[in-house]
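Sequential numbering from 183 applies to the sequence shown in the working numbering.
Cβ coordinates follow ideal geometry from the N, Cα and C atoms, glycine included.
Shown next, in structure tokens, is the structure this report addresses.
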Amino acid sequence: MNWDKLIEMLPGSTFLQTEEWAKIKAPIGWRPIFESWPRNTDSIESAGMMLIRSFHHFPFTIAYVPRGPLVDWTNPSSYQKTLFDLIQKAKDQNAIFLKIDPDLPIGRGIPGTESDRPDLTGMAVQQYLSTHGWRFSQDQIQFRNTIEIDLSPSEDQLLARMHQKTRYNIRLAEKRGVQVEKADENDWLTIYRMYAETADRDGFIIRPWEYYDRVWSILSDAHMATCLKAVMDGTIIGAIWVIGFGRKAHYLYGMSSSIHRELMPNHLLQWKGMLLAKEQGREIYDMWGAPNEFGGTDSLSGVFRFKQGFGGDVIRTLGAWDYSINYPMYKVYTSILPRVLNLLRARSRKNTRQLLDN
């Protein structure tokens, strides 16, 4: 059985733990190690794809288990053994530290509101980590929080759960003639340029074209990725990427043109993305990202209000945690990292601006 089939039904299974994601990360220096823990001869109890990053002229590595490990977090003996073994594997790779960020809720809803519901399993794991050498990471690679939409209700019920304004905008886009279609490789350069335009307009960072081209090629070849485009009068005015694996579909990337924004194409795109995921048999539509702080000052606040309109649940997860194996080098690494990231962000903004100016 291949790795993807092996992990597909494990708790928290995600495309970030697949062989395809390892292939995407390989050209930028990450080497995968695939580990699993058998339950019996026919199934496994837990698993984790660990990515190892080496550096030129540097004898150490870093180890990262993206959105993992995949384990039954209600079973302390299982997750404790899994974490212990992963630490040993990281040590074998001469890693400075091991980073994990499992898809494990510590609560649902917005803190301080009636919707706030703690998750006792996640809180117990959080307590275990904090008392066994792990520390909450200052480098949160993935979004810590998100919004999830349960896809089990009927289409009418899904619409009824949305905010009235969101339903109105979906119908407005349809009434005005916006068409949603599956994009193909002939659209991709146009869509990437639109993504650069969106990043420049909204102030976030994107990667070079080559990275997204690799993501598209590998995930679409594995039948995991679908790009939906919104078209008006033959012009692409918006697009989203939906990635499906296991129980979940993820809205991974979204972009929109500066023209025809009044037609609300991205409301219709999200609705069509949900329907696509439902047709594929996914149980959850993950909207990929919610603020760390819910008071309105977070940079994600505007996007969060848009996502809230679709009627999902706010999921607050454990986030990324680090286990330092070489503490002196870990301190050096974490002190240098913010400066390196600032330089990379500045370079990315410059490259995006140059792309749009050409």
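Open item on the list: Please report the distance separating the alpha-carbon of R487 from that of S481.
Closed with: The count along the sequence shown starts at 1 and reaches residue 487 at position 305. The count along the sequence shown starts at 1 and reaches residue 481 at position 299. Approximately 12 Å, taken between the alpha carbons.
Task: Where N327 falls: helix, strand or coil (DSSP) - done: By one-based count along the sequence shown, residue 327 stands at place 145. If DSSP states are grouped into helix, strand and coil, N327 belongs with the strands.
Open item on the list: Distance check for F279 and W503, CA to CA, integer angstroms please.
Closed with: Along the sequence shown, read from residue 1 onward, the residue named residue 503 stands at position 321. Along the sequence shown, read from residue 1 onward, the residue named residue 279 stands at position 97. About 10 Å.
Task: Contact between the region 339-359 and the region 450-461 (3+ Cβ pairs under 8 Å) - done: Contact holds: three or more Cβ-Cβ distances are below 8 Å.
TODO: Within the region 269-329, note down every full beta strand (DSSP E) run reaching 3 residues or more, in order along the chain.
DONE: 277-282, 287-290, 316-318
Open item on the list: Measuring straight from C-alpha to C-alpha, what distance separates S195 and E465?
Closed with: For this step, residue 195 is matched to residue 13 along the sequence shown. For this step, residue 465 is matched to residue 283 along the sequence shown. S195 and E465: Cα-Cα distance of roughly 13 Å.
Task: Pairwise C-alpha distance: S440 and R389 - done: Stepping through the sequence shown from its first residue, residue 389 is reached at position 207. Stepping through the sequence shown from its first residue, residue 440 is reached at position 258. About 20 Å.
Task: Contact the region 325-335 vs the region 467-477: 3+ CB pairs below 8 Å - done: yes
Task: Rounded distance between the beta-carbons of V413 and E363, thought under 8 Å - done: Locating residue 363 in the sequence shown gives position 181, counting from the first residue. Locating residue 413 in the sequence shown gives position 231, counting from the first residue. So it is a contact: roughly 6 Å between Cβ atoms.
- [ ] Buried or exposed for D301, please, with buried defined as at least 16 other CB atoms from any protein chain shown within 10 angstroms of its CB.
- [x] As a position in the sequence shown, residue 301 is number 119, starting the count at 1. By the C-beta density criterion, D301 is buried, having at least 16 other C-beta atoms within 10 angstroms.
Task: Exposure label - P248; buried when at least 16 CB within 10 Å - done: Translated into the one-based positions of the sequence shown, residue 248 becomes position 66. The residue is buried, with at least 16 neighbouring Cβ atoms inside 10 Å.
Task: Where the alpha helix (DSSP H) through T348 begins and ends - done: Locating residue 348 in the sequence shown gives position 166, counting from the first residue. T348 -> alpha helix (DSSP H) spans 346-357.
Task: Beta-carbon proximity of V235 to G250, cut-off 8 Å - done: Along the sequence shown, read from residue 1 onward, the residue named residue 235 stands at position 53. Along the sequence shown, read from residue 1 onward, the residue named residue 250 stands at position 68. The residue you asked about is not Val; residue 235 is Arg in the sequence shown. Not a contact, by the Cβ cut-off of 8 Å.
TODO: Would you mind reading off the limits of the beta strand (DSSP E) that contains V397?
DONE: In the sequence shown, the residue the question calls residue 397 occupies position 215. Per DSSP, V397 belongs to no beta strand (DSSP E); it is in the alpha helix (DSSP H), 391-403.
Task: Rounded separation between T499 and D283 - CA only - done: For the purposes of this step, residue 499 is taken as the residue at position 317 of the sequence shown. For the purposes of this step, residue 283 is taken as the residue at position 101 of the sequence shown. When the Cα atoms are used, T499 and D283 turn out to be separated by approximately 9 Å.
Task: Test item: CB-CB of A277 and A245 under 8 Å - done: Counting from one through the sequence shown, the residue named residue 277 turns up at place 95. Counting from one through the sequence shown, the residue named residue 245 turns up at place 63. Yes; because the gap between Cβ atoms is below 8 Å, this pair is in contact.
Open item on the list: the ligand NAD and G501: does any heavy atom of the ligand fall closer than 7 Å to the residue's C-beta?
Closed with: With respect to small molecules bound, the structure shown includes none, and the ligand NAD cannot be examined in it.
Open item on the list: What does the alpha-carbon distance come out to for the pair K513 and S506?
Closed with: Indexing the sequence shown from 1 puts residue 513 at position 331. Indexing the sequence shown from 1 puts residue 506 at position 324. So the two alpha carbons sit approximately 9 Å from each other.
Open item on the list: Beta-carbon within less than 8 Å of P241's beta-carbon, same chain only, minus the 5 sequence neighbours each way: which residues are those?
Closed with: Here residue 241 refers to the residue found at position 59 of the sequence shown. Excluding sequence neighbours, P241 sits near N276.
Task: Contiguous alpha helix (DSSP H) assignments of at least 4 residues, all confined to the region 230-262 - done: none
Task: Own chain residues within Cβ distance below 7 Å of D285, not counting five before or after - done: Counted from its first residue, the sequence shown places residue 285 at position 103. Closer than 7 Å at the Cβ level, and outside the excluded window around D285, lie G194, T196, R249, T499.
Task: Straight-line gap, H345 to M446 (C-alpha atoms, nearest Å) - done: Within the sequence shown, numbered from 1, the residue matching residue 345 stands at position 163. Within the sequence shown, numbered from 1, the residue matching residue 446 stands at position 264. C-alpha separation (whole angstroms): 15 Å.
Task: Spatial neighbours of W203 in its chain, beta-carbon cut-off 8 Å, leaving aside the 5 residues before and after - done: If you number the sequence shown from 1, residue 203 lands on position 21. Excluding sequence neighbours, W203 sits near F197, M231, P248.
Open item on the list: Just to confirm the assignment, what range does the beta strand (DSSP E) spanning E363 have?
Closed with: Taking the first residue of the sequence shown as position 1, residue 363 is located at position 181. Here the beta strand (DSSP E) through E363 covers 361-364.
TODO: Ignoring anything shorter than 3 residues or poking outside the region 434-493, list the beta strand (DSSP E) runs there in chain order.
DONE: 466-468
Task: Selected residue, minimal CA-CA separation from I497, among P258, G291, W398, D224 - done: Taking the first residue of the sequence shown as 1, we reach residue 497 at position 315. Nearest C-alpha to I497 among P258, G291, W398, D224: G291.
TODO: Count the other C-beta atoms from every protein chain shown that fall within 10 angstroms of the C-beta of T264, then say buried if there are 16 or more, exposed otherwise.
DONE: Here residue 264 is taken as the residue at index 82 of the sequence shown, counted from 1. Buried, by the Cβ-count rule.
Task: Cross-strand partners of Y505 (DSSP beta bridge) - done: Sequence index remark: in the sequence shown, residue 505 carries index 323 (1-based). According to DSSP, Y505 bridges with L280, W316.
Open item on the list: Is it buried or exposed, Q199, if we count other Cβ atoms within 10 angstroms and call 16 or more buried?
Closed with: Start at 1 with the first residue of the sequence shown, and residue 199 comes out as number 17. Around the beta carbon of Q199, a 10 Å sphere encloses 16 or more other beta carbons of the protein chains shown; the residue is thus reported as buried.
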